[in-house]
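**Q**
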Amino acid sequence: MIRVVIPAHLRTLARVGGEVSVDVVGEPTLLSVLDALEAQYPMLRGTIRDQVTQERRPFVRFFACAEDYSHEPANTPLPAAVVAGTEPFLIVGAMAGG
Amino acid sequence: MSGVRVLVGTRKGAFVLTSDGKRERWNVDGPHFGGWEIYHLKGSPADPNRLYVSQSTGWFGQLIQRSDDGGKTWTPVGNKFEYDGVPGTHQWYDGTPHPWKFARVWHLEPSLTDPDIVYAGVEDAALFRSTDGAQTWKELPGLREHGTGSGWQPGAGGLCLHTIILDPKNPNRMFIAISAAGAFRTDDGGKTWRPINQGLRSDNIPDPTAEVGHCVHHVAMHPSRPDALFMQKHWDVMRTDNAGDSWREVSGNLPTDFGFTIDVHAHEPETIYVVPIKSDSEHFPPDGKLRVYRSRTGGNEWEPLTKGLPQRDCYVNVLRDAMAVDSLDSCGIYFGTTGGQVYASPDAGESWNPIVRDLPAVLSVEVQTLA
């Protein structure tokens, strides 16, 4: 199980309270975690990455174990602590608003 | 007892305002989707409890939600808007080619007869249709590909398809408008389209009478006379009596003919309403006075309606989709402002009262008349 933290607006949309857990088949990567998240919560499709191009939305960032994964290739493996479930994978909305 | 439901889209959520037929006391429900931009929400004429809402942010993109109980509860539905084929380019502000890219849904227009059919006008300009209650969307590519699309340029708000009008007497006829391309019509259910901009004059474009390139802000129709359309253009208020084959100016004695919104009285097809705005750089009413102007002659002769509206120090705007009418015996007129007020007139504009004063900036107002 991979623990995933999503932004507050998306928690409201997905009707979840805190972090969520998703099952990933095979080696957990950026792509497989996002695929699993969207499969479990279809209403999130298009909110984290573009539905057509699959590109990460510009104001959304990915972090794990204090490292920025936002610009890593989709097949990048997630760190062992995230795979082990001791650390969450963080999906973060960029801070903006003044 | 009859009543009205006013659907308000704002910069930070949606609000549902309800009242009985007197329209004196109002219940304000919301915000729904707090924190999201609600460009538009609208109910199905075939099933008033079926509502569709366009919800978006710069962070998380576009969502569509649907209600089957008049706005009490909502369900996310399809939000995949994929252009048909390779979309190519339109013109950017500087005239260079710019790739077509989906940004948001500006307007949702439910079918007049089938609650599961709904049209979406999007930025960058295209028309989509869903036939399964907004679960899936398909572009009607004949509009974007009819021949002039590569020459369309965005208006200040983007290259947006903001107006969709369904002809109640001819199910194959539909009108749409795009800033800053102009108005277009289909007579075959959306397969083929043609520009209907003859008679428009825009002095701020290279060819003032070009076939396309006009910044049409909004168009309105009375359902009993679908060949008569009224247009608020960037500058000029226009009308056509032949379904857009030709237009003529009816700005008449308006204090300024710039504005965004326009609408038609529910029972009087020649009574129309606009909110004059000072200019395209000063998006506020002239002289700090918020005035709705009404013409009972289909244009040219206009009267200011001011009772109950602020007549000093008022510098709000009224956006293109932010006016609507109900169809009660005494026609109600409603509009929302960028200052967060929603005004209602239960007597066709003679007097006005704010339903609410302090919402986020209002982007759209629609009204449902309930049996």
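Here the protein sequences come in this chain order: B and E.
Going by our numbering, 26 is the number at position 26 of the first sequence; the sequence numbering is gapless.
So the mapping is simple: our numbering equals the position in the second sequence, first residue as 1, plus 1000.
Glycine included, every Cβ here is placed at the ideal spot set by N, Cα and C.
As the structure is a computational prediction, the values presented were derived from the model and not from experiment.
Between E:S1130 and E:D1203, what straight-line distance do the alpha-carbon atoms span, to the nearest angstrom?
**A** Numbered from its first residue, the second sequence carries residue 1130 of chain E at position 130. Numbered from its first residue, the second sequence carries residue 1203 of chain E at position 203. Going by the C-alpha atoms only, they are around 38 Å apart.
**Q** Within its chain, find whatever has a CB closer than 7 Å to the CB of E:A1134; leave out the 5 residues flanking it on each side and keep chain order.
**A** The residue you call residue 1134 of chain E lines up with position 134 of the second sequence. These residues qualify, in order along the chain: Y1052, I1064, R1066, V1077, G1078, V1118.
**Q** Tell me the rounded alpha-carbon separation between E:D1227 and E:C1215.
**A** The sequence position of residue 1227 of chain E within the second sequence is 227, counting from 1. The sequence position of residue 1215 of chain E within the second sequence is 215, counting from 1. Cα-Cα distance, rounded: 21 Å.
**Q** So is B:D68 buried or exposed if we call it buried at 16+ other beta carbons inside 10 Å?
**A** Looking up residue 68 of chain B in the first sequence gives position 68. So B:D68 ends up on the exposed side.
**Q** Using 8 Å as the threshold, is the C-beta distance between E:L1359 and E:G1332 below it?
**A** The count along the second sequence starts at 1 and reaches residue 1359 of chain E at position 359. The count along the second sequence starts at 1 and reaches residue 1332 of chain E at position 332. No, these two residues do not count as a Cβ contact at 8 Å.
**Q** I want to verify the contact list: residues of chain E whose CB lies under 7 Å from the CB of B:F102, in sequence order.
**A** Here chain B has residues from 1 to 98 only, and residue 102 of chain B is not among them.
**Q** Give a yes or no on whether 8 Å exceeds the smallest Cβ distance from E:K1376 to chain B.
**A** Only positions 1001 to 1371 of chain E appear in this structure, which leaves residue 1376 of chain E out of reach.
**Q** Please confirm if the region 1292-1302 of chain E is in contact with the region 1265-1282 of chain E, defined as three or more CB-CB distances below 8 Å between the two stretches.
**A** yes
**Q** By alpha-carbon positions, which one of E:L1017, E:T1018, E:G1013 ends up nearest to E:P1031?
**A** Translated into the one-based positions of the second sequence, residue 1031 of chain E becomes position 31. Closest option to E:P1031, Cα to Cα, is E:G1013.
**Q** In chain order, which alpha helix (DSSP H) runs of at least 4 residues are fully inside the region 1030-1063 of chain E?
**A** none
**Q** Roughly how many whole angstroms lie between the Cα atoms of B:G18 and B:Y41?
**A** Here residue 18 of chain B refers to the residue found at position 18 when the first sequence is read from its first residue. Here residue 41 of chain B refers to the residue found at position 41 when the first sequence is read from its first residue. If I take the Cα positions, the gap works out to 14 Å.
**Q** What runs of the beta strand (DSSP E), each 3 residues or longer, lie entirely inside the region 1137-1186 of chain E?
**A** 1160-1166, 1174-1179, 1182-1186
**Q** By alpha-carbon positions, which one of E:F1184, E:L1041, E:L1166 ends up nearest to E:H1222?
**A** Here residue 1222 of chain E refers to the residue found at position 222 of the second sequence. Taking only the C-alpha atoms, the option nearest E:H1222 is E:L1166.
**Q** Apart from the five residues on each side of it in sequence, which residues of its chain come closer than 7 Å, Cβ to Cβ, to B:A81?
**A** Locating residue 81 of chain B in the first sequence gives position 81, where the first residue counts as 1. These residues qualify, in order along the chain: C65, E87.
**Q** So does the region 1194-1201 of chain E actually touch the region 1228-1243 of chain E, counting three or more Cβ pairs closer than 8 Å?
**A** yes
**Q** Just to confirm, is the Cβ distance from E:E1145 to E:L1127 under 8 Å?
**A** Within the second sequence, numbered from 1, the residue matching residue 1145 of chain E stands at position 145. Within the second sequence, numbered from 1, the residue matching residue 1127 of chain E stands at position 127. Result no, Cβ atoms of E:E1145 and E:L1127 do not sit closer than 8 Å.
**Q** Okay, do the region 1037-1054 of chain E and the region 1018-1027 of chain E touch, 3+ Cβ pairs below 8 Å being the bar?
**A** no
**Q** Suppose the cutoff is 8 Å on Cβ atoms and the five residues either side in sequence are ignored; what does the same chain contact list for E:G1259 look like?
**A** Locating residue 1259 of chain E in the second sequence gives position 259, where the first residue counts as 1. For E:G1259, where only same-chain residues beyond five positions count, the Cβ hits under 8 Å are H1217, Q1232, V1237, V1274, V1275, P1276, I1277, V1318.
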